[in-house]
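Reading the sequence shown from the start, the letters are residues 410 to 546 in the numbering used here.
Idealized CB from N, CA, C, for every residue including glycine.
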Amino acid sequence: DILGSVTTALTLFLTAVASISLIVGGIGIMNIMLVSVTERTREIGLRKAVGAHPRDILLQFLTESVFLTTAGGALGALLSLAASAIISQFQTGWTFVIPLDAVILSFSVAAVVGMLFGIYPAVRAARLNPIEALRYE
């Protein structure tokens, strides 16, 4: 009973820490994307002036956001695989198993975080007025 309650408490604690980490990471991605929109205002205005639809601009920035988060997820997965291999070399009797469904779930969560936190910057870029954007310096 005691072991079960300790395991449940530890699981809840780790879930809370992971949730906070995802929110902080998502806010970081949103800030990076907002800076990207600001730096590329003239490019967005030029694309819209030559006929790009707001949907095209939206998809460009959403794709970039999802790519950033899934690349971070891939880097994290590679680092965890390397760390588990290194630890298992020094600790005899320890075996690490990283299930494929956990890796797939982590990539899915990373993509969803990228999508959710990339929506605001993408919509902001898609709503730019091409004339104002071309005048922006």
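Range of the contiguous alpha helix (DSSP H) that encloses residue i
i    : result
Q469 : 463 to 499
R451 : 450 to 458
I540 : 539 to 544
Three-way DSSP call (helix, strand, coil) for residue i in this model
i    : result
P530 : helix
V506 : coil
Pairwise C-alpha distance: residue j and residue i
i    : j    : result
A542 : M442 : 17 Å
L477 : R533 : 18 Å
R451 : Y545 : 6 Å
N440 : L509 : 31 Å
P463 : G437 : 24 Å
V444 : D410 : 51 Å
Q469 : G454 : 14 Å
V446 : A425 : 32 Å
Contacts around residue i, its chain only, beta-carbon distance under 6 Å, and the 5 residues preceding and following it disregarded
i    : result
G482 : S515, F516, A519
W393 : Outside the displayed range of the chain (410 to 546) lies residue 393, so it cannot be described from this structure.
K457 : P539
F505 : S493, S497
Nonlocal neighbours in the same chain, by C-beta distance under 7 Å from residue i, ignoring five residues either side
i    : result
G434 : V522
D465 : none
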